[in-house]
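Note that full-length UniProt numbering gives residue 188 to position 188 of the sequence shown, counting from 1, and the numbers run on in steps of one.
Down below is the structure, laid out as structure tokens.
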Amino acid sequence: MKNIHCINHPLIEHKLGILRAKETKPFQFRMLIDEISSFLLFEVSKDFSLKEIEISTPIQKTIVKKLDEKIMICPILRAALGMLESVFKMIPDASVGFLGFVRNEETLKADFYFQKLPKDAKKRTAIVIDPMFATGGTAIDACNFLKSQGVKKIKFISILAAPQGLKKFSQMHDDVEVFVACIDEGLNEKGYIIPGLGDAGDRVFNTL
């Protein structure tokens, strides 16, 4: 799966170990989600286009480089809201396009209930964020929707992923690059990633 990138880094592994632990408090959990997301964003943005502009330093004029790509961050509600701040820190001029999905506990599928994209969404590079990439169903539906709205370039960031979900996604969207911090063993009978980290949304918002 050439479109799947698992980012290996000692600091990511260290932070993931703390993130997974059930005794990690919500505040620390949110902080770790933020930090790991920043690491992944560095990898996602490596091929972003740049343009040269002239500025004045306190000493003289010079040519510097500036992002020449309009970015749209697409958090999948609600767990991905914990990743949003880290992206804004790095790309403060990015727009946000919200995608709302709710998990059906009987079918293990996600129902699409809300969307709010910028008016110029089709002119932007979309970075979809969701901490957990489990069955792949939500990711597939999110990318299907974005493409239906004319979005040409899409990238995906997740903290943890299951191999089954990544394989299924790649079969549907091999043109969408996925960046993850770790690919776990798989899924349990309830469709949760194992060993995983539990319900990311509940842990981010302290609703356990």
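Heads up, the beta-carbon is just placed ideally off N, CA and C, and yes, glycines get one too.
Computed from a predicted model, the values in this text were never measured in an experiment.
Proline 118 sits in coil when the DSSP states are folded into three classes, being neither helix nor strand. The continuous alpha helix (DSSP H) containing arginine 203 extends over residues 200-205.
Annotation: glutamate 189 to leucine 67 spans about 44 Å, alpha carbon to alpha carbon.
In the three-state scheme derived from DSSP, where H, G and I count as helix and E and B as strand, threonine 138 is classed as helix.
Residue burial is scored here from C-beta neighbours: aspartate 184 has at least 16 other C-beta atoms within 10 angstroms and is therefore classed as buried. By the beta-carbon neighbour count (other beta carbons within 10 angstroms, threshold 16), glycine 17 is exposed. Taking 8 Å as the cut-off, the Cβ atoms of glutamate 52 and isoleucine 59 do not count as close. The beta carbon of serine 38 sits closer than 6 Å to the beta carbons of Ser86 from its chain, once the five residues preceding and following it are set aside; these are given in chain order. With contacts defined by Cβ atoms closer than 8 Å, valine 128 and isoleucine 154 form a contacting pair. In summary, threonine 207 is exposed, with fewer than 16 beta-carbon neighbours lying within 10 Å of its beta-carbon over all protein chains present.
Lys89 is the residue among Lys65, Gly186 and Lys89 whose C-alpha sits nearest the C-alpha of isoleucine 73. Looking at the DSSP output, threonine 24 shares a beta bridge with no other residue. Counting only the Cα atoms, alanine 94 lies some 30 Å from lysine 167. Cβ atoms of isoleucine 7 and glutamate 43 come within 8 Å of each other, at about 5 Å. For glutamate 54, the secondary structure class from DSSP, reduced to helix, strand or coil, is strand. Here leucine 77 has Phe98, Leu99, Gly100, Phe101 and Phe114 as same chain residues with Cβ atoms under 8 Å from its own Cβ, once five neighbours each way along the sequence are excluded.
Under the three-state reduction of DSSP, lysine 155 is assigned to strand.
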